[in-house]
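Below is one structure, written out as structure tokens; comments come after it.
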């Protein structure tokens, strides 16, 4: 196994919701480089795959300021202080999609850009749904759209579905379910 580079120095400064670190590194071959990384100040985030049945997932359509359009994707949000990923997933599901889940399971943790960010997103499968809405921080009601997992090939090519975490989570969940991991 390759040994990790030696960190000779770290400098930090604020970068909005993140903290920017500059790392002075020395690699095993003696090469020295300066790397930058963003450290998340929060507790991570969740992406929820809410299943109505074994082949139907609930998507949400909400305004995405980064691309200035309405985007179709999964329920997602940050984990608040004191929450577990499962608690955050259930809360976000109730706020955004108007459903709770009797069964929640973390399938895996995803890195957004591990080359320069520490942020991690927990992929949560939600099953045995029931109707329950909690007030959220969204400025308008979010549209909920049922989608068949066997039609992901159609969803992945839509212009209004571009969020990478949602697409990855849907394919991971579909494969996980297809291979008997129930």
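Residue numbers (my numbering): 15 to 196.
All residues carry an ideal CB built from backbone N, CA and C; glycine is no exception.
Point to revise | Residue(s) in a DSSP beta bridge with residue 91 | key: Within the chain shown, numbered from 1, the residue matching residue 91 stands at position 77. According to DSSP, which records beta bridges pairwise, residue 91 is partnered with 60.
Point to revise | Nearest-angstrom Cβ-Cβ length linking residue 124 and residue 135, presumed shorter than 8 Å | key: Your numbering for residue 124 matches position 110 in the chain shown. Your numbering for residue 135 matches position 121 in the chain shown. Rounded, the Cβ-Cβ distance is 5 Å, consistent with contact.
Practice item. Spatial neighbours of residue 58 within its chain, please: CB distance less than 6 Å, with the 5 preceding and 5 following residues excluded, ordered by chain position. Key: Translated into positions along the chain shown, residue 58 becomes position 44. Cβ within range, chain order: 93 and 134.
Review point. Can the beta-carbon of residue 40 be found closer than 8 Å to that of residue 51?
Key: On the chain shown, residue 40 is found 26 positions in, with the first residue counted as 1. On the chain shown, residue 51 is found 37 positions in, with the first residue counted as 1. For residue 40 and residue 51, no; Cβs fall outside 8 Å.
Review point. Using 8 Å as the Cβ pair cut-off and three pairs as the minimum, do the stretch 109–117 and the stretch 137–152 touch?
Key: yes
Point to revise | Secondary structure of residue 142, DSSP reduced to three states | key: Within the chain shown, residue 142 is the residue found at index 128, counting from 1. Strand.
Check your understanding: Going by DSSP, what residues sit across from residue 125 in a beta bridge?
Key -> As a working note, residue 125 is residue 111 in the chain shown. DSSP output for residue 125 lists 134 as bridge partner(s).
Point to revise | N- and C-terminal bounds of the beta strand (DSSP E) containing residue 36 | key: Residue numbering aside, residue 36 sits at position 22 when the chain shown is read from its first letter. Here the beta strand (DSSP E) through residue 36 covers 32–40.
Review point. Which partner residues does residue 70 have in the DSSP bridge list?
Key: As a working mapping, residue 70 is identified with position 56 in the chain shown. For residue 70, which the question treats as bridged, DSSP gives the partners 67 and 162.
Review point. Less than 8 Å separating the beta-carbons of residue 89 and residue 64?
Key: Working through the chain shown from its first residue, we reach residue 89 at position 75. Working through the chain shown from its first residue, we reach residue 64 at position 50. Yes. Within cutoff.
Check your understanding: So what's residue 193 in DSSP terms, helix, strand or just coil?
Key -> Numbered from 1 along the chain shown, position 179 holds the residue referred to as residue 193. Note: residue 193 maps to coil in three-state DSSP.
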